[in-house]
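Trainee: Pasting in a structure now, in structure tokens, and then I'll have a few things to ask.
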Amino acid sequence: MPYVMPSHPAPPGAPPPRTGRGGRWSHGVRRLAAVVALVTGAALAGPGTAGAAPAEPMADGARTAAALERVTAFGANPGNLNMYVHRPPALPANAPVVVALHGCTQSAQVYSDNSGLDTFADRHGFLVVYAETTTANNANKCFNWFQPGDTRRGQGEAASIRQMVAHAATAYGTDVDQVHVTGLSAGGAMTSVMLAAYPEVFAAGAVVAGIPYGCGVDVVSAFGCMSPGTDRTPAAWAQAVRDAHPGFTGPWPRVAIWHGDNDPTVVPRNADELRDQWTAVHGLGQSPDRTSTVGPNSTRRSEYLSAGGGSVVEVNRVPGIAHGTPVDPGTGGEQCGATGTQHFIDSICSSYWITRFFGLDGGTTPEPPVDPPTEPTACWTADNYEHVRAGRATTTTGGHVYAKGSGQHLGLYNTFVTHTLKESPAGHYVLADGTCP
-7 MPYVMPSHPA PPGAPPPRTG RGGRWSHGVR RLAAVVALVT GAALAGPGTA GAAPAEPMAD
53 GARTAAALER VTAFGANPGN LNMYVHRPPA LPANAPVVVA LHGCTQSAQV YSDNSGLDTF
113 ADRHGFLVVY AETTTANNAN KCFNWFQPGD TRRGQGEAAS IRQMVAHAAT AYGTDVDQVH
173 VTGLSAGGAM TSVMLAAYPE VFAAGAVVAG IPYGCGVDVV SAFGCMSPGT DRTPAAWAQA
233 VRDAHPGFTG PWPRVAIWHG DNDPTVVPRN ADELRDQWTA VHGLGQSPDR TSTVGPNSTR
293 RSEYLSAGGG SVVEVNRVPG IAHGTPVDPG TGGEQCGATG TQHFIDSICS SYWITRFFGL
353 DGGTTPEPPV DPPTEPTACW TADNYEHVRA GRATTTTGGH VYAKGSGQHL GLYNTFVTHT
413 LKESPAGHYV LADGTCP
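The opening residue of the sequence shown carries number -7 in the working numbering; numbering runs sequentially from there.
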């Protein structure tokens, strides 16, 4: 494919076709939807590919891509999805499972070839289940994270993914208590769906460039969730999760959040809203208990700890990248992935750190040093519109803008008022006009 669109739902006016699962679209309407989706995808791409490495062959010495194993008859499959697995040569009994969900326009094989997950599956002995959607479900091959019929417990795509997990336990002898899920963009948003709809199934999840559960309920609202994002209170976000499985009291899944600082497609404020959602679900505050920098590019990590000191929510803000999965091609212990297609960006091997967060690395790697209270600060100079778009500030219905965290008033919501905001700790912003280093 000469051009790969950023991961996003079909545009307003062109709902995804629902072939075979309620509602029949004529061939002409489906064709029109696909064409409009492609045009809108091109319009959205613009700066969305900035920071992504150009297409190139897999790095010398990197893991050779292998064909996935197709699995059929894994269940009733109400969501009309495909199931593939990557099975290490010596999969142990009671192996853990990681469910992987690709982004729009991608496939299970593309995600397997580039994300680096299979490297760690082979190294540590876990099964990777790749769920795959098709153009029969969505013109852009997006998981339908914004369609109520696909995001509710026991329905549509969410139910199909749940059936894949159940099939893995019976067919491969995997451990039902060690099931995890991760995904990019639309796959990241679908990761949020699975954690909310089936919290008893998943021990942990990692949302990469994704969106909080319950944000979008149709195509129009889905675009608003992506950009400029939706600001709700932590309590409101948490209630959306609880409503997905009424009566469930825990334990809730642990959640890691990964987001590029310069993502214009799914704006960085979604990382803040995801943090608000899952810290509130766990009964935690929104100020981090510890911060650190990890990886070769000093990704900023904020951790939110349980009473026992374990990290139950973490936010990883990747500097200098746009929309995609962070990878770091090579053969080093902390390297993985490939940049042979768009939306796999050379920066940090997120799959390495996600595997660690899931507890699948055997606990053999040391924790990175924790930053002292005087950790270096980050400064951002931009107009009020850009501060809101990037998630550093919020706006009210009256058109006024307030710094996220400190609540300081920044003036009107427009492109004419410019301020410098200082971020310290992560996610907390204060006015620093003329004083930020």
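By construction, the Cβ of each residue, glycine as well, lies at the ideal position given by its N, Cα and C atoms.
#1: Less than 8 angstroms between C-beta atoms, sequence neighbours within five positions excluded: which residues of the same chain meet that for proline 81?
#2: In terms of residues, what are the limits of the alpha helix (DSSP H) holding phenylalanine 112?
#3: Note the first and the last residue of the continuous alpha helix (DSSP H) segment covering valine 211.
#4: Three-state secondary structure (DSSP) at tryptophan 229?
#5: Tell me the DSSP secondary structure of alanine 128 in three-state form.
#6: Would you call the segment 214 to 222 and the segment 266 to 286 in contact, with 3 or more CB pairs under 8 angstroms?
#7: Cutting at 6 angstroms between CB atoms, please list the residues of its own chain near alanine 236, excluding the five before and the five after it.
#8: For the putative contact between proline 191 and proline 245, defined by C-beta atoms under 8 angstroms, what is the C-beta separation to the nearest angstrom?
#9: Name the DSSP bridge partner or partners of glutamate 415?
#10: Taking only three categories from DSSP, how would you classify arginine 154?
#11: I need the DSSP call for histidine 159, collapsed to helix, strand or coil.
#12: On a CA-only basis, which of Ser99, Ser342 and Asp142 is nearest asparagine 69? Give me that one, please.
#13: Below 8 angstroms between beta carbons: does that hold for alanine 163 and glycine 117?
#14: Give me the residue from Val307, Asn254, Thr333 and Asp223 with the minimum Cα distance to threonine 386.
#15: Does the contact criterion of 3 or more C-beta pairs under 8 angstroms hold for the segment 326 to 341 versus the segment 118 to 128?
#16: State the Cα-Cα distance for the pair methionine 182 and threonine 97, rounded to the nearest angstrom.
#17: What first and last residue would you give for the beta strand (DSSP E) that runs through asparagine 308?
#18: In whole angstroms, what is the alpha-carbon distance linking isoleucine 249 and glutamate 265?
Mentor: On the basis of the coordinates in this document:
#1: Result list for proline 81: Asp114, in chain order.
#2: DSSP places phenylalanine 112 in the uninterrupted alpha helix (DSSP H) bounded by 109 to 116.
#3: Following the DSSP letters along the chain, one finds valine 211 inside the alpha helix (DSSP H) bounded by residues 211 to 218.
#4: Three-state DSSP puts tryptophan 229 in a helix.
#5: For alanine 128, the secondary structure class from DSSP, reduced to helix, strand or coil, is coil.
#6: Short answer: they don't touch.
#7: If the five residues before and after alanine 236 are omitted, its C-beta is found closer than 6 angstroms to the C-beta atoms of Ala188 and Ala189, all from its own chain and listed in chain order.
#8: Indeed they touch by this definition, with Cβ atoms about 6 angstroms apart.
#9: Answer by DSSP bridge pairing, in chain order: Ala370 and Tyr421.
#10: In the structure shown, arginine 154 sits in a helix (DSSP, three-state: H, G or I).
#11: In the three-state DSSP reduction, histidine 159 falls in the helix class (H, G or I).
#12: Proximity to asparagine 69 across Ser99, Ser342 and Asp142 peaks at Asp142, based on C-alpha coordinates.
#13: Result no, Cβ atoms of alanine 163 and glycine 117 do not sit closer than 8 angstroms.
#14: Checking every option, the nearest Cα to that of threonine 386 belongs to Asp223.
#15: No: the two stretches stay apart, fewer than three of their Cβ pairs being nearer than 8 angstroms.
#16: So the two alpha carbons sit approximately 15 angstroms from each other.
#17: Boundaries of the beta strand (DSSP E) harbouring asparagine 308: 303 to 310, taken from the DSSP string.
#18: So the two alpha carbons sit approximately 10 angstroms from each other.
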